[in-house]
Amino acid sequence: MDNQTKQELMTYLSRYITQNKLDRIEEVLQNRTRYIAVVTDDLYHTHNASAVIRSCECFGIQDLYAIENTNIFQMHKAITSGAGKWIDILRFPEKGEENIKMCVRELRRKKYRIAVTTLEENSVTPDEISLDEPVALVFGNEEVGVNPLLLKEADIHVKIPMYGFTQSFNISVSAALLVSPLIERLHKSGIEWQLSEQEIFDLRLDWIRRVEGSNSRKMELLEKHFFEHR
Numbered sequence: 008m009d010n011q012t013k014q015e016l017m018t019y020l021s022r023y024i025t026q027n028k029l030d031r032i033e034e035v036l037q038n039r040t041r042y043i044a045v046v047t048d049d050l051y052h053t054h055n056a057s058a059v060i061r062s063c064e065c066f067g068i069q070d071l072y073a074i075e076n077t078n079i080f081q082m083h084k085a086i087t088s089g090a091g092k093w094i095d096i097l098r099f100p101e102k103g104e105e106n107i108k109m110c111v112r113e114l115r116r117k118k119y120r121i122a123v124t125t126l127e128e129n130s131v132t133p134d135e136i137s138l139d140e141p142v143a144l145v146f147g148n149e150e151v152g153v154n155p156l157l158l159k160e161a162d163i164h165v166k167i168p169m170y171g172f173t174q175s176f177n178i179s180v181s182a183a184l185l186v187s188p189l190i191e192r193l194h195k196s197g198i199e200w201q202l203s204e205q206e207i208f209d210l211r212l213d214w215i216r217r218v219e220g221s222n223s224r225k226m227e228l229l230e231k232h233f234f235e236h237r
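Numbering (the working numbering), first residue to last: 8 to 237.
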């Protein structure tokens, strides 16, 4: 669909959406980023996957890469609280090392440095992660951690400081503890971390289509009517 048609469709659909919702879409778009991305490595607990999605959405991260070597990345709607419809989940559902390599290649293509969470003593802290280039944060499986291939491919090993007997956080907690300070630093920096004008334009249409939630069928019918009568 060309941009002119997209704009006409947005104008048409916007007639059926409250101004408050349209204003909220614009506000959130200005704080969305792909400069930081999140990668999950074969998570199997639905509530963990859902909590990570919610953290990504709350902190303005648009893209989540889900490696699904063994386990399907699934959401629990009660935990995501609708967050899943606002972010893009890029799935890698094949089996074996090649599936992981496909994800790594895609991250490299998009110029990300790969940062994996580990328990290694020589790892950097979240505050020491450089934001001079885009960063993809990798969170490992609940039982075995990050796949060795991802550890090998990583540019950065990062460890969240802990001072108790327990040596690891739940993954959903780890995601929030890592993403929050990085996003705060990003917003205070002079880095151009926002989405491009075209990305904002495309995402605006996606969100207008989804903003009615339980009335999504209504928006589908309106869009069908638009194309039948334009």
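Even glycine gets a Cβ: it sits at the ideal position worked out from N, Cα and C.
Could you spell out the range, first to last residue, of the beta strand (DSSP E) harbouring Asp70? Where Asp70 is concerned, the enclosing beta strand (DSSP E) stretches over Asp70 to Ile74.
Under DSSP, the alpha helix (DSSP H) around Arg22 begins and ends at which residues? If you look at Arg22, you'll find it isn't in any alpha helix (DSSP H); DSSP assigns it neither H nor E.
So, with DSSP's three-state summary, where would you put Val186? If DSSP states are grouped into helix, strand and coil, Val186 belongs with the helices.
Rounded distance between the beta-carbons of Pro133 and Leu185, thought under 8 Å: 5 Å between Cβ atoms; contact.
Among the candidates Glu219, Thr40 and His194, whose CA atom is the shortest distance from the CA of Thr23? Position check: residue 23 holds Tyr in this sequence, whereas Thr was assumed. When each option's Cα is compared against that of Tyr23, the closest is Glu219.
Let me make sure I understand the geometry here. Which of Glu135, Gly103 and Glu149 has the alpha-carbon closest to that of Phe176? Selected option, being the one with the closest Cα: Glu149.
May I have the straight-line CA-CA distance separating Phe80 from Thr53, to the nearest angstrom? If you draw a straight line from the Cα of Phe80 to the Cα of Thr53, it comes to about 7 Å.
Identify which residue in Val151, Val46 and Asp162 has its Cα closest to the Cα of Cys110. It is Val46.
Using CA atoms only, rank isn't needed, just tell me which of Lys117, Val180, Leu16 and Asp9 is closest to Glu235. Per the Cα distances, Leu16.
When DSSP labels each residue in this structure, what does Leu50 get in the three-state scheme? The answer is coil: DSSP assigns Leu50 none of H, G, I, E or B.
Cβ shell of Thr125 (< 8 Å), same chain only, five flanking positions each side left out: Closer than 8 Å at the Cβ level, and outside the excluded window around Thr125, lie Gly152, Val153, Leu158, His164, Val165 and Lys166.
Would you mind stating whether Gly197 and Asp49 have Cβ atoms separated by less than 9 Å? The Cβ-Cβ distance between Gly197 and Asp49 does not fall below 9 Å.
Bridge partners - Thr40, DSSP secondary structure assignment: Thr40 pairs with Ile68 and Gln201.
Identified DSSP bridge partners for Asn148: Under DSSP, Asn148 forms a beta bridge with Gly152.
Look at Gln11 and Arg39 and say whether their C-beta atoms are less than 9 Å apart. Judged by beta-carbon spacing, Arg39 lies beyond the 9 Å limit of Gln11, meaning their Cβ atoms are not closer than that value.
Out of Arg224, Leu229, Lys225 and Arg217, which has the shortest C-alpha to C-alpha gap to Leu29? Cα-wise, what sits closest to Leu29 is Arg217.
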